[in-house]
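S.K.: First, the structure itself, so that you have it in front of you.
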Amino acid sequence: MGSHGIRDRVAIVGMGCTPFAEHFDKGLDDLMVEATTEALDGAGITRADADAWWVGTAQSGMSGIMLAKALQLEGAPVTRVENMCATGSEALRAASYAVASGAYDLAVAVGVEKVKDSGYQGLNAFPIPTDGTNRTLTAAAMFSMVLPAYAERYGVDPDQLRRVAARIASKNHANGAKNPKAQFRREMSVDAICDMPAVAGQLGVFDCAGVADGAAAAVVCRAEDAHRYTDSPLFVKALSLVAGNGSGLIDPSYDYTTFPEIEAAGADAYAQAGITDPRGELALAEVHDCFTPTELVLMEDLGFSARGEAWTDCEKGTFDLDGELPVNPDGGLKSFGHPVGASGLRMMYEAWLQLRREAPAERQVATVDAGRTLALTHNLGGYPGEMVSFVGIVGTEPSA
Amino acid sequence: MRGILALGAHLPHRRLDRRDIAAVAGGGGGRGTRTVAGYDEDATTLAVEAGRTALRPHPDAAPAALWFSTTTPTYADKTNATAVHAALRLPDHAVAADFAGAARSSVVALRAALAGGGPTLVVAADVRPGLPGSPDEAAGGDAAAALLVGEGTDALPVRAELVGAGARTEEFLDRWRTPGDARTRQWEDRFGEQRYVPLGRAALDAALAEAGLEAGDLDRVLVASPHARAARSAGRKLGVAPEVVGDDLGSTVGNPGATQPLLLLVAALEEAAPGDLIALVSLADGADALVFRATDEVAATPSARPVADQVAAGAPVEYPTYLRWRGLLATEPPRRPEPARPSASAAARSAEWKFGYVASEDRTSGAVHMPPARAAMHGGPIDDMEPRPMADATGTVVTSTIDRLAYSPSPPIVFAIVDFDGGGRVPVELTDCDAAEVGIGVRVEMTFRRLFTADGIANYFWKARPVRDADGTVVRAAAAEAG
């Protein structure tokens with residue numbers, strides 16, 4: 014038994030991403046058509062060329078029919094996948110594994126979500142009949158519990174840690190301000206973020222990812238075929254997924270300063286990709302900054318910072334756009350908002366742009382020019398103690 | 039010998055200062071305080087807390103019946119006592135029934151229990167209604183009281199035996215309320231007083247005659263009635279010395295309707311000496327008088343939560359908040375989807391957890407699973423678990439937050455991760471506290487509450503509340519223990 018991965022057996026040869034926004038004027042079908050068209054055009058193919066499709070959505074539609082109808086795919090295998098907020102990554106994983114298996118030559122992964130039609134702010138899961146004993150806390154509150162636990166464990170002054178969290182948000186706003194597809198394109202100072210009224214624990218509204226509609230898509234083929242579609246493919250180095258058993262919610266040994274599912278997915282992905290020093294080897298990381306404490310803990314769980322040191326690394330600017338390892342150069346969930354099914358593929362879209370040097374000059378990371386060829390995307394769903402975690406790694410060069 | 043074996047009461051955490059009423063309501067109020075049920079409490083949850091207090095020292099009591107009395111039941115058609123039965127984890131062969139609707143029903147339930155049968159738990163609980171500024175609002179109170187009645191045994195001896203009982207029944211109009219109405223209506227005061235006082239005197243005389251006692255023999259006389267004027271007048275006209283008439287708790291608790299007679303009895307028995315003769319006179323749709331003699335065992339098991347201590351405890355609630363909790367002040371709901379109604383079948387499957395707070399313990403590792411699970415959290419065999427009751431466990435807050443976005447009948451939600459002494463962890467909502475009181479290291483205990491109501495279904499489950507010192511201060515674990 015083991016996780017062998019599909020290193021360098023599959024390549025991404027086309028990607029598309031809609032602007033993430035309050036698309037009150039666009040429907041689910043519009044978003045899927047736009048993202049898919051950009052991805053297919055980039056790969057120089059038509060819908061009829063694709064052999065199989067996966068569409069990821071958490072709750073905007075049911076079954077493969079939602080995509081087959083939107084794009085009028087006739088006689089095609091289309092599957093809907095869902096894995097909470099890691100749904101977009103799950104679609105990519107399914108399409109990649111299908112191609113790697115040899116079952117299909119060309120597969121397309123589409124992620125989409127229409128959240129603004131609910132009439133509510135924030136994300137709301139559809140109700141499942143239960144015994145009524147499940148907690149009804151918001152995700153913001155669940156993630157806010159990380160800050161006091163982290164401050165307690167590492168002896169960090171809570172006010173100082175609160176400013177570190179705000180600095181993470183400020184960094185991602187600054188990056189998003191340079192991204193025409195981001196929803197929020199305004200820089201925010203640490204002071205302004207700290208001054209917002211609390212919504213959950215110490216977190217203000219600007220410590221929380223926005224909510225947006227959007228879609229993103231990727232075309233996947235066998236690695237040896239990649240150059241038929243593009244001069245600069247991205248080779249899939251690792252796709253790792255861990256679904257937590259929820260033990261953190263019931264196990265007193267869990268301390269809310271780490272997300273074990275993410276550490277496990279990261280370790281598995283690094284093993285698949287042959288990475289031993291992620292902070293030194295990766296050109297960039299797109300991570301699931303649903304709330305500012307999440308990104309803080311992620312830096313340690315993904316091995317970018319030593320335990321207890323992510324907060325000082327964040328303060329030092331290690332993960333800034335011009336830092337040692339740029340994290341969320343596109344602005345992250347913070348600036349894009351979070352159309353659940355699309356976010357994982359939106360992250361991959363930034364890796365696509367950055368590694369191919371297609372990102373706008375004002376946010377093109379210097380690490381790529383310095384010769385780094387690998388990017389990481391991290392996508393999670395759920396809460397501290399009970400989450401699914403995805404880590405993907407792509408690179409511009411096939412292994413020697 | 040049949041009599042009272044165990045007892046307990048529950049007063050909600052919050053207190054309304056009656057002086058705050060007039061400024062908002064334009065009138066009413068008065069002096070003193072009244073108890074206020076939390077937004078997450080109703081007659082059912084109050085009854086559970088009183089029942090737990092009574093039964094906790096006697097885990098083997100195994101009542102054969104539960105009689106639940108209230109003037110403010112959560113449900114009609116459906117029995118309310120069954121939820122109390124489930125939360126108290128009474129045997130499934132025990133009968134549970136409501137004596138609901140009228141203030142008299144609690145005394146009648148007690149009389150029925152004293153009349154015979156197996157060990158019977160009599161519980162009364164009320165959340166008294168009243169429109170803003172009304173005498174009922176100011177004078178009302180929210181409380182619960184529980185008495186375990188049965189034949190004494192060596193393990194559980196009789197603490198107070200019934201030595202005489204008397205009753206008078208008369209049909210006349212004093213107080214009435216249409217079901218669902220937020221107010222009770224009352225006929226002119228003097229009429230009720232003139233009817234009640236002689237009835238009370240006659241009932242007490244009958245009880246004393248049955249006991250072979252004179253009024254002068256009584257050490258304590260408790261007078262309970264929804265008719266405040268009649269109760270005061272009766273106290274003076276029952277033929278007993280003024281100093282024998284017990285405090286009706288009106289200035290601190292208020293009048294908790296059907297609960298009042300039982301609450302006064304519990305409070306009196308908690309302070310009684312062996313041999314004391316205590317008369318309870320209840321004036322409601324007639325009159326009932328019960329005379330008890332405290333046995334040598336009256337103080338055998340001191341209450342962990344005496345009424346006097348609970349009266350002295352508590353924290354204030356602002357009058358507008360009280361009105362909001364009662365649904366008398368409509369406020370904008372959070373712009374979030376309201377909770378969905380619980381599933382009847384799912385709730386039935388998990389009744390031991392949902393109502394009884396019974397977790398499961400992995401026999402191999404000893405790990406506690408909350409909610410109970412079939413598979414152990416870190417591997418091992420499936421279905422190798424045993425039940426682990428957690429309702430009486432205490433724990434410590436590991437980390438906490440305040441959720442200002444989530445839907446709640448009274449936002450914000452205070453929420454914590456709690457590790458229980460002896461194992462087990464839950465993410466859980468906190469209640470009976472101010473947000474600023476909660477943080478890492480706070481000690482908590484569990485309490486049965488109504489989370490919300492959807493589609494008319496009261497969704498009951500457990501919350502945690504801070505453990506408090508006698509002066510109300512939140513207890514915190516020593517730093518080493520909290521880690």
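Chains as they are written, first to last, in this note's numbering: chain A, 14 to 413; chain B, 39 to 521.
Don't be surprised by glycine CBs; every beta carbon is placed ideally from N, CA and C.
Computed from a predicted structure; not experimentally measured.
#1: With distances taken between CB atoms, is the gap from Ala378(B) to Ala241(B) smaller than 8 Å?
#2: Just by C-beta distance, which residues in the segment 427-457 of chain B are closer than 9 Å to chain A?
#3: Look at Ser131(A) and Ala213(A) and say whether their C-beta atoms are less than 8 Å apart.
#4: Along chain A, which residues have their Cβ under 9 Å away from the Cβ of Pro170(B)?
#5: Since Gly510(B) and Ala353(B) are thought to touch, with beta carbons under 8 Å apart, how far apart are those beta carbons, to the nearest angstrom?
#6: What residue from Arg364(B), Glu309(B), Ser320(B), Thr297(B) has the CA that sits closest to Leu276(B)'s CA?
#7: Less than 8 Å separating the beta-carbons of Asn293(B) and Pro312(B)?
#8: So which of Val232(A), Leu387(A), Thr380(A) has the shortest CA-CA distance to Ala282(A)?
#9: Please specify which runs of the alpha helix (DSSP H), each continuous and at least 4 residues long, are wholly inside the segment 133-192 of chain A, giving them in chain order.
#10: From Asn96(A) to Val224(A), what distance separates their C-alpha atoms?
#11: Mind listing the chain B neighbours of Arg320(A)? Cutoff is C-beta to C-beta under 8 Å, in chain order.
#12: So what's Gln298(B) in DSSP terms, helix, strand or just coil?
#13: Enumerated in chain order, which unbroken segments of the alpha helix (DSSP H) with a length of 4 residues or greater are wholly contained in the segment 330-395 of chain A?
#14: By DSSP, does Lys129(A) sit in helix, in strand, or in coil?
#15: Taking 8 Å as the cut-off, decide whether the C-beta atoms of Thr359(B) and Asp78(B) are in contact.
#16: Whose C-beta lies closer than 6 Å to the C-beta of Glu519(B) among residues of the same chain, with five residues either side of it excluded?
#17: Report the residues of the segment 52-64 of chain B with a CB closer than 8 Å to any CB of chain A, ordered along the chain.
#18: At what residue ranges does the segment 117-174 of chain B contain a whole run of the beta strand (DSSP E), taking only runs of 3 or more?
#19: When the cut-off is 8 Å and only beta carbons count, does Tyr483(A) lie next to chain B?
#20: Going straight from the alpha carbon of Ala247(B) to that of Gly204(B), what length do you get?
#21: Answer yes if the segment 363-381 of chain A comes into contact with the segment 318-328 of chain A, meaning at least three C-beta pairs across the two stretches below 8 Å, and no otherwise.
#22: Does Arg123(B) have its Cβ less than 8 Å from a Cβ in chain A?
#23: Give the DSSP-derived three-state secondary structure of Gly68(B) in the structure shown.
#24: Go ahead and label Ala126(B) buried or exposed: buried means 16 or more other beta carbons lie within 10 angstroms of its beta carbon, across all protein chains shown.
#25: I'd like the ranges of any beta strand (DSSP E) spanning at least 3 consecutive residues and lying wholly in the segment 71-103 of chain B.
#26: Output the distance between the C-alpha atoms of Glu337(A) and Gly293(A), rounded to the nearest integer angstrom.
#27: Check whether chain A comes within 8 Å of Trp391(B), counting only Cβ atoms and requiring the distance to be less than that.
#28: Does Arg274(B) come within less than 8 Å of chain A when only Cβ atoms are used?
#29: Any beta carbon of chain A sitting closer than 8 Å to that of Phe210(B)?
#30: Please name the residue in Thr439(B), Phe486(B), Asp493(B), Ser448(B) whose C-alpha comes closest to that of Val480(B).
#31: Closer than 7 Å, Cβ to any Cβ of chain B: which residues of the segment 133-150 of chain A, in chain order?
#32: Please return the same chain residues whose Cβ sits closer than 6 Å to the Cβ of Glu103(A), not counting the five positions on each side in sequence.
#33: Give me the Cα-Cα distance between Ala120(A) and Leu247(A), rounded to the nearest whole angstrom.
#34: Once DSSP output is grouped into helix, strand and coil, what is the label at His240(A)?
#35: Hey, quick one: how far does the alpha helix (DSSP H) through Ile78(A) stretch, first residue to last?
#36: Which of the three DSSP states, helix, strand or coil, is assigned to Tyr395(B)?
M.R.: Taking the structure as given:
#1: As a working note, residue 378(B) is residue 340 in the second sequence. As a working note, residue 241(B) is residue 203 in the second sequence. With respect to Ala241(B), Ala378(B) sits apart: the two C-beta atoms are not nearer than 8 Å.
#2: Contact residues of the segment 427-457 of chain B toward chain A are Val436, Thr437, Ser438, Thr439, Ile440, Asp441, Arg442, Leu443, Ala444, Tyr445, Ser446, Pro450, Ile451, Phe453, Ala454, Ile455, Asp457 (C-beta to C-beta distance below 9 Å).
#3: On the first sequence, position 118 is the one that residue 131(A) refers to. On the first sequence, position 200 is the one that residue 213(A) refers to. Contact: no.
#4: Working through the second sequence from its first residue, we reach residue 170(B) at position 132. One finds nothing in chain A with a Cβ atom closer than 9 Å to the Cβ of Pro170(B); even the nearest lies about 30 Å away.
#5: The residue given as residue 510(B) occupies position 472 in the second sequence. The residue given as residue 353(B) occupies position 315 in the second sequence. Between the beta-carbon of Gly510(B) and that of Ala353(B) there is about 6 Å, and that keeps the pair under the 8 Å contact cut.
#6: For this step, residue 276(B) is matched to residue 238 along the second sequence. Checking every option, the nearest Cα to that of Leu276(B) belongs to Ser320(B).
#7: Indexing the second sequence from 1 puts residue 293(B) at position 255. Indexing the second sequence from 1 puts residue 312(B) at position 274. Cβ distance not < 8 Å, so Asn293(B) and Pro312(B) don't count as in contact.
#8: As a first step, residue 282(A) is located in the first sequence; it is residue number 269 there, counting from the start. It is Leu387(A).
#9: Counting whole runs of 4 or more residues, the segment 133-192 of chain A contains the alpha helix (DSSP H) stretches 152-157, 159-167, 171-189.
#10: In the first sequence, counting from the first residue as 1, residue 96(A) sits at position 83. In the first sequence, counting from the first residue as 1, residue 224(A) sits at position 211. Each residue's Cα considered, the two are about 18 Å apart.
#11: Mapped onto the first sequence, residue 320(A) falls at position 307. Chain order gives no chain B residues near Arg320(A), where near means a beta carbon separation below 8 Å; the closest approach is about 16 Å.
#12: Here the question's residue 298(B) lines up with position 260 in the second sequence. Gln298(B): helix per DSSP, three-state reduction.
#13: Counting only runs of at least 4 residues, the segment 330-395 of chain A fully encloses the following alpha helix (DSSP H) elements, listed from N- to C-terminal order: 345-349, 353-368, 379-382.
#14: Stepping through the first sequence from its first residue, residue 129(A) is reached at position 116. Note: Lys129(A) maps to helix in three-state DSSP.
#15: In the second sequence, residue 359(B) corresponds to position 321, counting from 1. In the second sequence, residue 78(B) corresponds to position 40, counting from 1. For the pair Thr359(B) and Asp78(B), the CB atoms are not nearer than the 8 Å cut-off.
#16: Locating residue 519(B) in the second sequence gives position 481, counting from the first residue. Only weak support exists for where Glu519(B) lies, its pLDDT of 49 falling under 50; the value from the coordinates is given anyway. Listed in chain order, the non-local C-beta contacts of Glu519(B) below 6 Å within the same chain number zero, local neighbours out to five positions each way being set aside.
#17: Using a CB distance below 8 Å, no part of the segment 52-64 of chain B faces chain A.
#18: Taking only runs of at least 3 residues, the beta strand (DSSP E) segments lying wholly in the segment 117-174 of chain B are 133-138, 158-165.
#19: Residue 483(A) lies beyond the range of chain A shown here (14 to 413); nothing can be said about it.
#20: Working through the second sequence from its first residue, we reach residue 247(B) at position 209. Working through the second sequence from its first residue, we reach residue 204(B) at position 166. Near 9 Å, if we compare the C-alpha coordinates of Gly204(B) and Ala247(B).
#21: The answer is no - the segment 363-381 of chain A does not touch the segment 318-328 of chain A, with fewer than three Cβ pairs under 8 Å.
#22: Within the second sequence, the letter at position 85 stands for residue 123(B). Arg is not the amino acid found at residue 123(B); the sequence shown has His there. Judged by the 8 Å Cβ criterion, His123(B) is not in contact with chain A.
#23: Taking the second sequence and counting its residues from 1, the one referred to as residue 68(B) is at position 30. Gly68(B) falls in the coil class under three-state DSSP.
#24: Counted from its first residue, the second sequence places residue 126(B) at position 88. The sequence given here places Leu at residue 126(B); Ala does not occur at that position. With 16 or more Cβ atoms within 10 Å of its Cβ, Leu126(B) is classed as buried.
#25: For the segment 71-103 of chain B, whole beta strand (DSSP E) runs of length 3 or above, ordered along the chain, are 71-74.
#26: The residue labelled residue 337(A) in the question sits at position 324 within the first sequence. The residue labelled residue 293(A) in the question sits at position 280 within the first sequence. CA-CA distance, Glu337(A) to Gly293(A), rounds to 8 Å.
#27: Counting from 1 along the second sequence, the entry for residue 391(B) is found at position 353. By this cut-off, Trp391(B) is an interface position.
#28: By one-based count along the second sequence, residue 274(B) stands at place 236. By this cut-off, Arg274(B) is not an interface position.
#29: Sequence index remark: in the second sequence, residue 210(B) carries index 172 (1-based). Not an interface residue.
#30: In the second sequence, counting from the first residue as 1, residue 480(B) sits at position 442. Its Cα nearest to that of Val480(B), the residue Thr439(B) stands out among Thr439(B), Phe486(B), Asp493(B), Ser448(B).
#31: Those would be Tyr133, Gln134, Gly135, Asn137, Pro140, Pro142, Thr143, Asp144, Gly145, Thr146, Arg148, Thr149, Leu150, in chain order.
#32: Mapped onto the first sequence, residue 103(A) falls at position 90. Taken in chain order, the residues that qualify are Gly69, Val94, Asn96.
#33: The residue you call residue 120(A) lines up with position 107 of the first sequence. The residue you call residue 247(A) lines up with position 234 of the first sequence. Each residue's alpha carbon lies about 15 Å from the other.
#34: Position 227 of the first sequence, counted from the start, is the residue given in the question as residue 240(A). In the structure shown, the three-state DSSP call for His240(A) is helix.
#35: Indexing the first sequence from 1 puts residue 78(A) at position 65. Start and end: 78-84.
#36: Translated into the one-based positions of the second sequence, residue 395(B) becomes position 357. In this structure, Tyr395(B) counts as coil in the three-state DSSP scheme.
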